[in-house]
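Letter by letter, the sequence shown follows residues 131 to 330 of the working numbering.
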Amino acid sequence: MLKEVDSRFDLLKMQDNCFYNQYPFREVLWSKDGTHLAARVIDTRLVNSDQIFYLNVDIPNCDTVGPVRLDRIPGGRIEYVGESTKRIGSFDWDGEHLFLLNDFIRNDGFGNLYLYDSNTREATKLNPINGECCYRDARLSPDGKYIFFVYQRFGSNVIELYYVSFSDLQSGQPLTPIELPSGFFATARERPQPALRPAE
Numbered sequence: 131m132l133k134e135v136d137s138r139f140d141l142l143k144m145q146d147n148c149f150y151n152q153y154p155f156r157e158v159l160w161s162k163d164g165t166h167l168a169a170r171v172i173d174t175r176l177v178n179s180d181q182i183f184y185l186n187v188d189i190p191n192c193d194t195v196g197p198v199r200l201d202r203i204p205g206g207r208i209e210y211v212g213e214s215t216k217r218i219g220s221f222d223w224d225g226e227h228l229f230l231l232n233d234f235i236r237n238d239g240f241g242n243l244y245l246y247d248s249n250t251r252e253a254t255k256l257n258p259i260n261g262e263c264c265y266r267d268a269r270l271s272p273d274g275k276y277i278f279f280v281y282q283r284f285g286s287n288v289i290e291l292y293y294v295s296f297s298d299l300q301s302g303q304p305l306t307p308i309e310l311p312s313g314f315f316a317t318a319r320e321r322p323q324p325a326l327r328p329a330e
């Protein structure tokens with residue numbers, strides 16, 4: 131059915147759709163079982179307006195049952211540093227309980243990297259390269275064992291890509307970037323936005 135959709139207008143013509151317009155959504159990720167959403171929204175009730183709402187959704191009954199918010203991320207659980215705009219540059223979700231997100235400090239979305247666990251409701255600042263800023267577009271591998279992230283040292287315009295074992299993130303061991311040809315990124319404001327898929 132969705133294979134025939136080429137535009138939002140085609141989507142609106144479809145019958146039996148679920149329309150969730152309770153929040154100003156900017157980006158949405160689905161859970162592995164299709165019963166939850168992680169949605170980046172503008173929450174105008176907070177000074178730090180960028181939030182990720184963790185929502186329970188009832189697709190079979192969506193015409194009468196709206197999404198139920200289970201958590202607000204970071205929801206005041208992250209102490210941003212002075213340079214931060216307190217906006218979310220990018221985020222990823224394992225489809226269960228782990229979230230990766232970075233705040234917005236420089237160059238269109240690079241910032242500090244955080245891990246949030248919705249089971250414990252705790253956020254941890256990761257910054258795996260010597261504890262230094264700045265990161266963006268962190269992604270968990272489909273099996274949850276690896277993390278991909280983009281790194282740009284504060285004060286530098288060089289962009290590096292990393293794909294490392296999740297267990298190595300906080301080990302303190304030196305991490306090696308993926309080798310890229312010179313000039314691979316044209317500007318310091320590149321937005322790689324990787325998508326990791328299972329190997330076939």
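We put the beta carbon where it would ideally sit given N, CA and C, even for glycine.
Three-way DSSP call (helix, strand, coil) for residue i in this model
{"i": "residue 143", "result": "helix"}
{"i": "residue 297", "result": "helix"}
{"i": "residue 175", "result": "coil"}
{"i": "residue 138", "result": "helix"}
{"i": "residue 329", "result": "coil"}
{"i": "residue 166", "result": "strand"}
{"i": "residue 254", "result": "strand"}
{"i": "residue 262", "result": "coil"}
{"i": "residue 284", "result": "coil"}
{"i": "residue 149", "result": "coil"}
{"i": "residue 320", "result": "coil"}
{"i": "residue 237", "result": "coil"}
{"i": "residue 245", "result": "strand"}
{"i": "residue 131", "result": "Residue confidence is low: residue 131 scores 49 on pLDDT, short of 50, so the model does not pin down where it sits. Its coordinate-derived value is still stated next. Note: residue 131 maps to coil in three-state DSSP."}
{"i": "residue 312", "result": "coil"}
{"i": "residue 226", "result": "coil"}
{"i": "residue 217", "result": "coil"}
{"i": "residue 267", "result": "strand"}
{"i": "residue 277", "result": "strand"}
C-beta contact flag for residue i and residue j at 8 Å
{"i": "residue 165", "j": "residue 151", "result": "no"}
{"i": "residue 243", "j": "residue 232", "result": "yes"}
{"i": "residue 326", "j": "residue 279", "result": "no"}
{"i": "residue 229", "j": "residue 168", "result": "yes"}
{"i": "residue 157", "j": "residue 170", "result": "yes"}
{"i": "residue 305", "j": "residue 294", "result": "yes"}
{"i": "residue 226", "j": "residue 162", "result": "yes"}
{"i": "residue 262", "j": "residue 283", "result": "yes"}
{"i": "residue 184", "j": "residue 159", "result": "no"}
{"i": "residue 322", "j": "residue 272", "result": "no"}
Among the options, the one whose alpha carbon lies nearest that of residue i
{"i": "residue 320", "options": "170, 217, 281, 148", "result": "281"}
{"i": "residue 257", "options": "315, 236, 170, 302", "result": "302"}
{"i": "residue 148", "options": "163, 196, 140", "result": "196"}
{"i": "residue 235", "options": "217, 245, 246, 247", "result": "217"}
{"i": "residue 153", "options": "214, 179, 255", "result": "179"}
{"i": "residue 307", "options": "292, 142, 316", "result": "292"}
{"i": "residue 182", "options": "298, 140, 245, 322", "result": "245"}
{"i": "residue 313", "options": "298, 290, 297", "result": "290"}
{"i": "residue 211", "options": "139, 193, 299, 241", "result": "241"}
Next item on the list: Jot down the residue ranges of each uninterrupted beta strand (DSSP E) in the stretch 182 to 215, minimum 3 residues, whole runs only, in chain order.
Entry: As far as the stretch 182 to 215 is concerned, its whole beta strand (DSSP E) runs of at least 3 residues are 198 to 203.
Check: Would the stretch 241 to 254 and the stretch 197 to 217 be scored as touching if the rule is three or more Cβ pairs under 8 Å?
Finding: At 8 Å Cβ cutoff, the stretches touch.
Next item on the list: Say whether the stretch 255 to 272 touches the stretch 217 to 225, bearing in mind that this needs 3 or more beta-carbon pairs closer than 8 Å, one atom from each stretch.
Entry: The stretch 255 to 272 vs the stretch 217 to 225: in contact.
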